[in-house]
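Below: the structure, in structure tokens.
2 protein chains.
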Amino acid sequence: MDSPLNSEIESFFDSAPPLNDRAAISEKLKEFIALNSSESGKGSRSPLLIIAKYTISYIHCHVTISFTIRRVACVTSGGTTVPLEQRCVRYIDNFSSGHRGAASTEHLIKMGYAVIFLYRRGTCEPYCSSLPDDAFLECFEVTKESAVQVCQPYSEAVKRAIRDHHAAVAGGLLLKLPFTTIFEYLQMLQMIAVSSRSLGPCSMFYLAAAVSDFYVPWKSMAEHKIQSGSGPLDIQLLQVPKMLSVLRKEWAPMAFCISFKLETDAEILLEKADMARKKYGMHAVVANELLSRKEQVVVVTNNGKIPVYRDKTSSDSDVEKPLTKLLVDRHSVYIKDSNT
Amino acid sequence: MDSPLNSEIESFFDSAPPLNDRAAISEKLKEFIALNSSESGKGSRSPLLIIAKYTISYIHCHVTISFTIRRVACVTSGGTTVPLEQRCVRYIDNFSSGHRGAASTEHLIKMGYAVIFLYRRGTCEPYCSSLPDDAFLECFEVTKESAVQVCQPYSEAVKRAIRDHHAAVAGGLLLKLPFTTIFEYLQMLQMIAVSSRSLGPCSMFYLAAAVSDFYVPWKSMAEHKIQSGSGPLDIQLLQVPKMLSVLRKEWAPMAFCISFKLETDAEILLEKADMARKKYGMHAVVANELLSRKEQVVVVTNNGKIPVYRDKTSSDSDVEKPLTKLLVDRHSVYIKDSNT
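Residue numbers (my numbering), protein chains in the order written: chain A, 1 to 340; chain B, 1 to 340.
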């Protein structure tokens, strides 16, 4: 680790306040990955799961062992905060409802993946993406007999949401890990990546979170709430080192990696997405424009740019369905190529 | 409006993007206030409601008309965002879960108030404050017979939450108005204050929202997402003009006004709270310190400083219960004094 980027990354992690619950997160990750890479996993095996073949060479003896291994995706979701004070009252945030990450997680689980959902506390969670914003208060009522019942017209959606969520968690197919700050997010992403190494090419990183580009290093941050009353405020922010390169090269070099590029200016979007793909060695970059992102995105790969549209003939379809389908197909090819 | 403060305020409002749904909000407010200031209001009258007496003097004839009028509180809750781009991807935010505003609203309604709950979209809502963060997914399960049922141990809390929320909304005692940005918040606060004028001293402003002190004027804001990649970022922010003075003096001069002061440094808290009380003419300022704010606060009035503690002998009590009780008592005295 002696390139300028690596020293920036080292200085970022050195400066970050340590995770409060690192040991508990590490334990959960270990368990989740063990469960989903063993034959005795709780979840049933889907026919979509690809058999991974590992060839062990030992002097003159070649043994090929075949076993099934569930694909595991780490889906990141929601925006990261950048605190402006150590005892944080104010922070910079990135706009993200978390809808894309939550909906994509549902589709990936349906297609046989186990998902580590690394999400911003309070943003949309899997199986809630089709419900109203304050689902809890809007979807239920208490009958005269003092029973809680689901209001129409939410009945079917609510049942499906609760049932599918319970099934995914109980089946060991969904691990939800919440974060708030950029410091928590990047430390947790590193932990997940390193823990997922054993999955080889069966691991996918689906990096839909809106990650801050700028931050204030912990050590140069004001301790207390910045006082108002003395005129305008100037804030100097450093660039967050680009962790995508180090994720690809060091943390999880065998994983299939997809990043997301959001712009408000459609003119520069595709070019920036392609630059990011090349610069960080991503297998695909999903380009989305703020206003049209729920209707269409463009998947940028080394084979070209593939537009993906929401199915407009169905009112309850989303763009995440064809998007995840396309990326899962690409992942299948990637696993196949890695094994030959 | 020609003082330096007033010209700052004018320039803030001139610069703000107009509210999308101003007409609909105005209609809702008018209806809610009419409902709660007429004898034929839907809600039942609580014995706690004070009879307001207005004396009409007309030359030599003095007529005293007595009629009941429900007290109406505007409770503000959650943090306001300050966009850094017009097509907003990044913004500055203030830490606030909205728990204090939500819990206080519940207590005020219980004590006979109607509440206009002006809250940050996505933060805690009244009747949800005692439930887990992702209440929707944690509190329910689907039975084998495909019915939705409440999991133990949430059964009673969930029923109470749903029932009380429905009763408050159906009874015309709770109007929820969500905001996101500082621009929306201050425009909506002004609308509420001006609409509440007819309630005279029966109107209360309980300003628990964490309002930004600094902002970027709309007209000098970047249109598109600020690009990273060219080194550190400098942000210059102007001070948000202090609207508390204008609320007291112009928007709602008869209302009983309580503001909140949050600091991380206990050393300066009480002094700053008392300065704010004097400067903005507040009837009370609630001083709270970031780490201890759920256990104790200090109510600063012109009669001195009154500490308020959570009742530690009861596990489900909160500091908002004794706090709202104290402030309602003060409001009663204020109404009485205003009528004599």
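From the three backbone atoms N, C-alpha and C, an ideal C-beta is built for every residue, glycine too.
The residues K261, L269, L270, A273, V297, V298, V300, in chain order, have a CB closer than 7 angstroms to that of B:A287 in the same chain once the five nearest residues on each side in sequence are set aside. In the three-state reduction of the DSSP assignment, A:V194 falls in the helix class, which pools H, G and I. Taking a cut-off of 8 angstroms for Cβ pairs, the stretch 141 to 151 of chain A and the stretch 158 to 177 of chain B touch, as three or more such pairs fall below it. Shortest Cα-Cα distance from B:V82 to any of A:N94, A:M221, A:M275, A:Q86 involves A:N94. Under DSSP, the beta-bridge partners assigned to B:T81 are B:T181.
At a Cβ-Cβ threshold of 8 angstroms, A:V240 and A:S259 do not count as neighbours. A:S259 is bridged by DSSP to A:L207, A:V285. Inter-residue distance for B:V75 and B:T324 is about 11 angstroms (C-alpha atoms, whole angstroms).
The stretch 219 to 236 of chain A and the stretch 245 to 258 of chain A do not touch, with fewer than three beta-carbon pairs separated by less than 8 angstroms. Around B:E263, the beta-carbon contacts reaching into chain A at under 7 angstroms are K225.
A:R87 and B:D213 have their C-alpha atoms roughly 17 angstroms apart.
Each residue's CA atom was taken as its position, placing A:H99 and A:Q236 some 31 angstroms apart. Here B:F140 is bridged, per DSSP, to B:V150. Within the DSSP secondary-structure output, A:R120 pairs in a beta bridge with A:F179.
One thing to note: B:V319 has its Cβ no nearer than 8 angstroms to the Cβ of B:V328.
With fewer than 16 neighbouring CB atoms inside 10 Å of its own CB, B:S314 falls in the exposed class. Of the candidates B:R293, B:V211, B:S198, B:E106, the residue whose Cα lies closest to the Cα of B:R163 is B:E106.
With the criterion set as a beta carbon lying under 7 angstroms from some beta carbon of chain B, the members of the stretch 227 to 247 of chain A are S228, G231, P232, L233, D234, I235, Q236, L237, L238, Q239, in sequence order. DSSP places B:L237 in the uninterrupted beta strand (DSSP E) bounded by 233 to 239. Judged by beta-carbon spacing, A:M204 lies beyond the 8 angstroms limit of A:R293, meaning their Cβ atoms are not closer than that value.
Residue pairing of B:F214 in beta bridges, as defined by DSSP: B:Q239.
When DSSP reads this structure, A:P307 sits in a beta bridge with A:V298. Interface with chain A (8 angstroms Cβ-Cβ cutoff): B:V211 is excluded. Ranked by Cα distance from B:V89, the options A:I116, A:Y154, A:E289 are led by A:E289. By the CB criterion at 8 angstroms, A:C202 and A:I33 fall outside the cutoff.
Between B:V169 and B:N36, the alpha-carbon positions lie close to 13 angstroms from each other. A straight-line Cα-Cα distance of about 8 angstroms links B:I25 and B:L177. DSSP, reduced to helix, strand and coil, places B:R90 within a strand of the structure shown.
Residues are counted here when their Cβ sits less than 8 angstroms from a Cβ of chain B; for the stretch 79 to 99 of chain A these are T81, L84, E85, R87, C88, V89, R90, Y91, I92, D93, N94, F95, given in chain order. Under the three-state reduction of DSSP, A:L247 is assigned to helix. Any Cβ of chain A closer than 8 angstroms to the Cβ of B:A157 would place that residue at the interface, and such an atom is absent. From the listed residues A:G200, A:F183, A:T80, the smallest Cα separation to A:K219 is found for A:F183. Distance from the CA atom of B:A102 to the CA atom of A:V216, rounded to whole angstroms, is 32 angstroms.
Residue environment: A:S129 is assigned as buried (16 or more neighbouring CB atoms within 10 Å of its CB, all protein chains considered). Counted as a single uninterrupted DSSP element, the stretch harbouring B:V319 is not any alpha helix (DSSP H), since DSSP gives it neither H nor E.
By the 16-neighbour rule on beta-carbons within 10 angstroms, B:S317 is exposed.
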